[in-house]
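Enquirer: Per the UniProt record's numbering, numbering through the sequence shown is continuous, rising by one, with the last residue being 408. Backbone N, C-alpha and C define an ideal beta-carbon position, used for all residues, glycine too. Only a predicted model underlies this, so the values are computations on that prediction, with no experimental measurement involved.
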Amino acid sequence: MRKLLVFVLAALALSCTKKNELTTGQWLGIIQMDTIPGRLDVPFNFEVKSDSGKICLVVRNADELIRVNEVERIGDSLYAKFPTFTSELVVAVNDSLSGYYYPKGIKAGRRYQFYAIKGETDRFPWFTEQPKYDVTGRWWFIENPGTPDSSAMIAELKQDGARVTGTILSPYGDYRYLEGKVAGNKFYFSKNDGAQTIIIRGEITDSANMSNGLIAGSPSWVSSWRAFRDENAQLPKAESMVWVRKGYSTFEFAGIDLNGNRVTSNDERFKGKVLAVLAGGSWCPNCLDEGRFYKTMYEKYRDKGFEVVSLCFEDKTFEAAQPKIKRFAQSIGADYTYLYVAPRGRTQRDSVLYALEGTMAYPTSMILDRKGKIRRVETGFSGPGTGEHFEKFAKETEELIVKLLNEN
């Protein structure tokens with residue numbers, strides 16, 4: 001890895017005998033996902049900090065702060081690896097920063113041009129017109145309207161002056177923390193959390209409609225959208241998305257833990273326990289949010305008989321998946337059980353989650369009672385960025401866990 005990094009830096013001609021000083025403070029980073037400047041540019045805010053001489057980056061998306069501690073200087077170049085996920089930055093340090101953003105890590109090869117502007121705190125400083133509309137509220141957000149690929153989601157937005165924060169909820173989870181602005185009758189939204197790099201823009205037609213929208217998460221994911229205000233918009237209920245297959249009432253699993261040992265649902269640690277089974281992976285930001293929620297439940301109720309197991313769908317081999325799952329576990333911060341169960345893919349997922357049917361996404365979770373019976377199934381996860389939706393889920397889930405723990 002070290003040789004590969006040095007090669008990349010040399011190829012970029014970023015090395016120098018004397019280091020340029022990296023200015024601490026606020027920066028605006030721009031990831032250019034397209035070769036045409038401006039078409040798929042994704043801005044995000046970050047702060048460069050120095051703690052006892054050690055440089056770190058703190059990335060901000062709305063209320064979420066992501067601390068990037070794996071930062072290294074080589075000559076006049078800076079190497080930074082995002083926590084949990086595999087994305088990396090390799091940049092030259094001057095009055096500005098310029099280089100490449102690797103969404104899947106340097107080894108994967110794919111990269112986007114990157115640059116950063118020192119001292120800029122506005123996420124979209126190029127657009128300065130005063131907002132003509134306030135988009136605060138709930139909107140139906142229709143991706144690819146009028147096509148066979150059309151899908152309905154809900155955008156929940158909060159506007160303060162020109163600044164807008166919020167998220168987009170789909171039946172399978174949320175887009176986490178988004179931030180942007182309204183300028184004139186134009187709407188701009190973006191995020192980069194190390195897992196997803198997203199740009200959203202559109203036109204506000206009137207106080208209840210948006211149109212001519214673009215949403216992109218990569219050069220291959222570029223969609224149109226429109227939106228209309230509906231404060232009563234509701235997504236399908238979880239039970240209409242996925243359910244227990246007829247003829248099944250219990251669930252068994254097997255996998256390899258972080259130490260390379262085979263673990264099954266019949267092991268002593270799970271017997272007679274209320275068990276949350278989380279199917280996801282280290283590459284999935286909603287799975288990270290879900291894991292952190294269940295960390296709080298695990299720490300609160302483990303002594304009363306509550307267990308959690310994370311079934312991870314990853315690379316084709318355990319050897320390739322192990323370091324990613326370890327990184328995932330460290331980011332969650334819980335010492336419950338993590339198992340490598342299969343490579344990613346619908347066929348493998350359906351085989352492992354054999355007792356379920358319906359439209360499944362990552363994450364998909366089950367809660368089993370002390371007798372191993374499936375008592376609840378969920379697909380997708382609406383995390384803390386969704387506010388009241390997350391709070392409602394958290395309350396209902398804790399109540400269910402307590403109820404099952406108290407059953408004979």
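Write down the C-beta distance between I55 and V42 rounded to the nearest angstrom, noting that I regard them as a contact closer than 8 Å.
Expert: Not a contact, Cβ separation roughly 23 Å.
Enquirer: What three-state label does DSSP hand V402 in the structure shown?
Expert: helix
Enquirer: Does the distance from the CB of L258 to the CB of K326 come in under 9 Å?
Expert: yes
Enquirer: Quick one: Cα of G213 to Cα of I374, how far?
Expert: 42 Å
Enquirer: Roughly how many angstroms separate the alpha carbons of I106 and G281, rounded to a whole number?
Expert: 20 Å
Enquirer: Residues in its own chain within less than 7 Å of E304 by CB, not counting five upstream and five downstream?
Expert: Correcting the residue identity first, residue 304 is Lys in this sequence and not Glu. Counting only Cβ-Cβ distances below 7 Å, and skipping sequence neighbours, we find L405.
Enquirer: Using the beta-carbon count (16 or more within 10 Å), is P37 buried or exposed?
Expert: exposed
Enquirer: Can you say whether P285 is buried or exposed, counting buried as having 16 or more other CB atoms within 10 angstroms of its CB?
Expert: buried
Enquirer: Use the C-beta contact count for A108: other C-beta atoms within 10 angstroms, 16 or more gives buried, fewer gives exposed.
Expert: By the neighbour-count rule (16 or more Cβ atoms within 10 Å), A108 is not buried but exposed.
Enquirer: Can you list, in chain order, the residues of its chain whose CB lies under 6 Å from that of M1, leaving out five sequence neighbours each side?
Expert: Because M1 sits at a pLDDT of 49, beneath the cut-off of 50, its placement in the model cannot be relied upon, and the following sentence gives the value as read from the coordinates. Within the same chain, M1 has no close Cβ partners at all.
Enquirer: Using 10 angstroms around the beta-carbon of E239, count the other beta-carbons present and answer buried if the total reaches 16, otherwise exposed.
Expert: exposed
Enquirer: So, helix, strand or coil for N20, using DSSP?
Expert: DSSP places N20 in coil when its eight states are reduced to three.
Enquirer: At the level of alpha carbons, what is the spacing between A13 and V91?
Expert: Confidence is the limiting factor: at A13 the pLDDT is only 44, short of 50, which leaves the residue's position unreliable, though a coordinate-based value still follows. Distance between the alpha carbons of A13 and V91: 10 Å.
Enquirer: Rounded to whole angstroms, what's the CA-CA distance from residue 409 to Y340? Just pull it up for me.
Expert: This structure does not reach residue 409, given that the chain is present from 1 up to 408, and the question cannot be answered.
Enquirer: Closest to D315 by CA distance: which of E396, A227, P343 and S150 is it?
Expert: P343
Enquirer: Please return the same chain residues whose Cβ sits closer than 6 Å to the Cβ of S265, not counting the five positions on each side in sequence.
Expert: E252 and F253
Enquirer: Kindly confirm or deny that the segment 47 to 61 and the segment 143 to 156 touch, where touching means at least three C-beta pairs closer than 8 Å.
Expert: no
Enquirer: With a threshold of 6 Å on Cβ separation, who are the neighbours of T379 within its own chain once the five nearest residues in sequence on each side are excluded?
Expert: M241, V242, M360, A361 and T364
Enquirer: What are the boundary residues of the beta strand (DSSP E) that includes M210?
Expert: N209 to S218
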